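Its first residue numbered 207, the sequence shown is counted upward by one per residue in this note's numbering.
Structure, as structure tokens:
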Amino acid sequence: MSRFWSSAIHALEPYVAGEQPKIPGLVKLNTNESPYGPSQKVLEAIAATSGERLRLYPDPASTGLREAIAKRFDLAMNEVFVGNGSDEVLAFTFAGLLKHDAPLLYPDITYSFYKTYARLFEVKVEEIPLDDELQIRVGDYSRPCGAIILANPNAPTGIALPLSEVEKLVASHPDQVVVIDEAYVDFGAETAASLIPRYENLLVVQTFSKSRSLAGLRVGFALGQRPLIEALERMKDSFNSYPVDMLAQAAATAAIEDEAWFDEACGKIIANREMVTKALEVRGFEVLPSSTNFVFARHPAHQGADLQKGLRERAVLVRHFNKPRISDFLRVTIGTTEECHQFLKAIDQII
């Protein structure tokens, strides 16, 4: 605390990211990073971009990257917005599209950055409880509101809504912005991007950090009809006209164009997820149905905090949330096949 802080800073509860320790031989399954390095085409694009050009500012409009994203989703370039990771895109979204007199709706168990941004930007919120199976029920959102934001698949549960349910939600709120945060959509869910031409109130947010292995470069994007994208551009240009650097633009463009690498990497992660799910179930765990690059699991005879501690003692990091309803669950990122087996071996030693 400091007497020089503004009142807004005193009231904040910052988001707590997963730890990034430097431990030799660590099996790091706590931050949902990809276990595989990026596409070779990404590395070549970075190498080709490095050099004297770095003395120049990057393209403030990220034109090439937006064109590549637009082509991927069959949209116009001016229906694409890019930023430094999806967290920055979400920050602009909260400030520019989600602050209204009526409350913003989101689940009581979801990505905890939503609560942080709501407090930072003074957005009124109403949390909607997940059901007894920790799933989102679209019907629960049929109430007055200013806007809605859902992670689909949800985090940390990993459970996805079918596209038909997403469309039902968007269609039933024509006068409110509905944001679908799709950080994990490429691991088994269906993107809502195809709905954008029909719904002016829909904004879809994605990231290059997970399925395209670019967490270290921080690139995210939003898709929506022009008025929503224009709002984000106005927010961006009021903070920083050059948010996405030259190397990140080149790398992300190469990543989204390399579909063969993308399909192979996602396929390996999905296969390992199914293997880990079955292995945990054999060991007595309850594992929620996951459409992500992680699983959310609990054991009836062991507290989540104790399991996390035991795994850490064996140089395996997983994520634990000391929160109501989910305190006995562990969120386990899907790693390489070898990392998954090391995790299961450590679990066997504990239980």
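Glycine is no exception: its CB is placed at the ideal position from the N, C-alpha and C atoms.
Here the structure is a predicted model, which means the values were calculated and not measured.
Inter-stretch contact (C-beta, 8 Å, three-pair minimum) for the segment 371-381 and the segment 476-485: no
Do you know offhand how far Ala558's Cα is from Leu271's? Within the shown structure, residues of the chain are numbered from 207 to 557, placing residue 558 beyond reach of any answer.
May I ask whether a heavy atom of the ligand MG can be found less than 7 Å away from the beta carbon of Leu260? Ligands displayed in this structure: none; no statement on the ligand MG is therefore possible.
Check whether Tyr390 and Ala361 have beta carbons under 8 Å apart: Contact flag set, yes.
Return the chain-ordered list of same chain residues with a C-beta closer than 8 Å to the C-beta of Gln509, the five sequence neighbours on each side being excluded. Ser533 and Asp534
Counting C-beta neighbours from all protein chains within 10 Å, is the total for His216 16 or more, i.e. buried, or is it exposed? exposed
Does the structure place the segment 535-551 close enough to the segment 493-512 that three or more beta carbon pairs sit under 8 Å? Contact between the segment 493-512 and the segment 535-551 is established, with three or more Cβ pairs separated by less than 8 Å.
Determine the direct distance from the alpha carbon of Ser415 to that of Asp265, and round the result to whole angstroms. 21 Å
Under the three-state DSSP convention, the category Thr542 falls into: DSSP, read as helix, strand or coil, puts Thr542 in coil.
Could you name each continuous beta strand (DSSP E) segment of 3 residues or more that falls completely within the segment 509-537, going from the start of the chain to the end? none
I'd like to know whether the C-beta atoms of Ala301 and Phe327 end up nearer to each other than 8 Å. Taking 8 Å as the Cβ cut-off, Ala301 and Phe327 qualify as a contacting pair.
If we ignore side chains and look at the alpha-carbon of each, how far apart do Glu439 and Ser292 end up? If you draw a straight line from the Cα of Glu439 to the Cα of Ser292, it is about 14 Å long.
Please list, in chain order, all residues of the same chain as Leu401 whose beta carbon is under 6 Å from its beta carbon, the five residues on each side excluded. Excluding positions up to five away in sequence, the list reads Glu373 and Leu408.
Glu294 to Met441, Cα distance in whole Å? 11 Å
Would you tell me roughly how many angstroms separate the C-alpha atoms of Ala395 and Trp211, rounded to the nearest one? 43 Å
Lys442 by DSSP, collapsed to three states: which one? helix
Tell me the rounded alpha-carbon separation between Arg259 and Ala253. 12 Å
Contact check, Cys472 vs Phe393, beta carbons under 8 Å: yes
Is it true that the CB of Ile354 sits closer than 8 Å to the CB of Pro313? no
So, are the CB atoms of Leu423 and Ala454 less than 8 Å apart? Yes. Within cutoff.
Coarse secondary structure for Lys474, derived from DSSP in three states: helix
Distance, Cα to Cα, Ala461 vs Ser497? It is roughly 21 Å from the alpha-carbon of Ala461 to the alpha-carbon of Ser497.
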